[in-house]
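Residue numbers (the working numbering): 9 to 410.
C-beta: ideal position from N, C-alpha, C; glycine also.
Only a predicted model underlies this, so the values are computations on that prediction, with no experimental measurement involved.
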Amino acid sequence: MISIVTLQPIGQRLCVRNASWTVWSLLLLLTVWAPLTYGQTESSSFENGSYAPYILETCCGNDATVVAPTFGARNGSNALKFFWAEDNWDPAVNSRTMRGIECRSDKRAKEDQWFGFSMYVPSQEFPSNKNIILAQLISFSSACPTDKTVVLGLTGTTLKLEGYKGDQTTNVVSTASGTLTTALPRDRWIDVVIHARYSKNGTGLLEGWFDGAPLSNPTFRATNINLSTGCFDANDNLLYGCYPKFGMYCYDKDNYTDHETRTVYYDDVKWLDGNPANAYEVVKPAGSVPNCGTKLPWTNSPFAPEAGAFVAETDVTPNANRIDGIVGLANGNASGYAGVACAVLFSPDGTIKARNGSAYTALEVVPYSANASYHLLIEVNVPTRKYNVYVTTPDGIRHAIG
């Protein structure tokens, strides 16, 4: 049981800071990406109804369409929906385009390249036991045919970022491999940022940020590597450059199930050529870093005063990942953190914690996700100045936080 460190009696107000919930709604203000000139090449959140400036590669009934998803877009109103069906696969033809449905850029980077996007994998429309490539950086050209260079691949539920080196299509080996997550979340938007520096002389770099990880703490980083199977010039730059690709490449043809389908959504896709100081901020999906830039006023909702033992319950829905949001109880209106006696924190590290003295701690590690509902139950004993916090996650499991 956690000690209450502020005034009593408590329970007169339910206070919220930087959170969105089902009874009282407060919108989190997020940093909005604005067009920049230095280093930027292409971006799209598909608000104009087209997947341009990207080029669609597909055939045989597989398709990509701009939709307004019922679960909400990552940025704006629209997202790009990719649909692939096993019925469109003909093993006698064994075409590369039959195995995939992807968009690519027709522009290229020769030294540094940043690539950011958000993707949504629906649990009911994508099997959890398949192998698929969800994004790539490719250095292929007709003058220099190559194999893969950077691959973001999903094997079952494990998402990995891999970099390769080689002599075009020969001696191709993995030179960097990192797991971004072993349990890819379903039914919510997931943010990915990739930074690659190409080299054949051991000065290459591959970094990946998963689901809002801050610039200072990449989920995966490999330095001093050879990266790319393409052709290089005397200055260790790619002769023909590398272009991004996103969508589904269902290469696991031996694992196809009759009549199966696969669906993935993408939004806020951006990439740039070069390595300006603000590159991460340019390509990251909007609001993926919990620096909203504007402090919000506290929202206070009164209920009858309590002087003994009582229980307070509410449903909370964070509207972004890795926010810094507080839900709590106070004696009167709260206008700052010090005025909240019983406090539950939706922490920037992506977990839910309870205030315990001067720190926020948790008995169990309970991650939270944007746009998912969490039921909070706070047991309070005013005379003993103690309280307990429980949270029920979307899967119906109740966890003790503090």
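His407 is not a Cβ neighbour of Glu321, given a cutoff of 8 Å.
Residue environment: Gly57 is assigned as exposed (fewer than 16 neighbouring CB atoms within 10 Å of its CB, all protein chains considered). When C-alpha distances from Tyr288 are compared across Gly347, Cys258, Gly333 and Ala204, the shortest belongs to Ala204. Counting only runs of at least 3 residues, the region 73-129 fully encloses the following beta strand (DSSP E) elements, listed from N- to C-terminal order: 87-93, 108-112 and 120-128. As the crow flies, the alpha-carbon of Pro402 is around 6 Å from that of Ser381. Using a Cβ distance threshold of 8 Å, Tyr259 and Asn139 count as a contacting pair.
Going by DSSP, Tyr264 is part of no alpha helix (DSSP H) at all; its letter is neither H nor E.
Here Gly161 has Ile141 and Lys168 as same chain residues with Cβ atoms under 6 Å from its own Cβ, once five neighbours each way along the sequence are excluded.
Contact between Ala230 and Gly282 does not hold, since their C-beta atoms are separated by about 20 Å, which reaches or exceeds 8 Å. Beta bridge pairing from DSSP links Gln176 with no other residue. The C-beta distance from Gly410 to Asn364 rounds to 6 Å, short enough to meet the 8 Å contact threshold. Closest in C-alpha terms to Thr400, from the list Gly358, Asp323 and Tyr273, comes Asp323. In the three-state reduction of the DSSP assignment, Val374 falls in the coil class.
A contact between stretches requires three or more CB pairs, one per stretch, nearer than 8 Å, and the region 87-103 fails this requirement with the region 211-225.
Taking 8 Å as the cut-off, the Cβ atoms of Leu192 and Val129 count as close.
With distances taken between CA atoms, Ala285 lies nearest to Asp120 out of Ile63, Asp120 and Thr78.
Sequence-distant partners of Asn232 (beyond 5 residues in either direction) whose C-beta falls short of 7 Å from its own C-beta, in its chain, are Gly210 and Thr211. In this structure, DSSP gives Tyr288 a helical state, which the three-state scheme calls helix.
The residue among Leu213, Ala81 and Pro135 with its C-alpha nearest the C-alpha of Tyr264 is Pro135. Distance from the Cα of Thr392 is smallest, within the candidate group Gly316, Phe240 and Gln144, for Gly316. Under the three-state reduction of DSSP output, Gly347 falls in the helix class. For Glu372, the closest alpha carbon among the candidates Val388, Ile405, Thr269 and Ala338 is that of Ile405. When Cβ pairs closer than 8 Å are counted between the two stretches, the region 151-165 is seen to touch the region 236-245, the count reaching three or more. Distance between Pro313 and Gln144, taken at the CA atoms: about 58 Å. In this structure Arg112 is in contact with Tyr62, their Cβ atoms being roughly 6 Å apart against a cut-off of 8 Å. The C-beta separation of Ala76 from Ser85 comes to about 5 Å, placing the pair in contact by the 8 Å criterion. A check of alpha carbon separations from Ala362 across Gly347, Pro356, Gly336 and Ala346 identifies Gly336 as the nearest. Comparing alpha-carbon positions, the option among Ile334, Trp197, Thr269 and Gly108 lying closest to Pro356 turns out to be Ile334. When DSSP states are grouped into helix, strand and coil, Cys250 belongs to the strand group.
Taking C-beta atoms under 8 Å as the contact rule, Lys208 and Phe240 qualify, at a distance of about 5 Å. Secondary structure note for Leu64: its beta strand (DSSP E) is the uninterrupted segment Ile63 to Glu65. In chain order, Leu353, Ser355, Lys361 and Ala362 place their CB closer than 7 Å to the CB of Tyr368, counting only its own chain and leaving out the 5 sequence neighbours on each side.
The beta carbon of Lys118 is closer than 6 Å to those of Asn245, Leu246 and Gly249 in its chain, skipping five residues each way along the sequence. Rounded to whole angstroms, the gap between the alpha carbons of Ser53 and Gly174 is 34 Å.
As the crow flies, the alpha-carbon of Trp306 is around 12 Å from that of Ala338.
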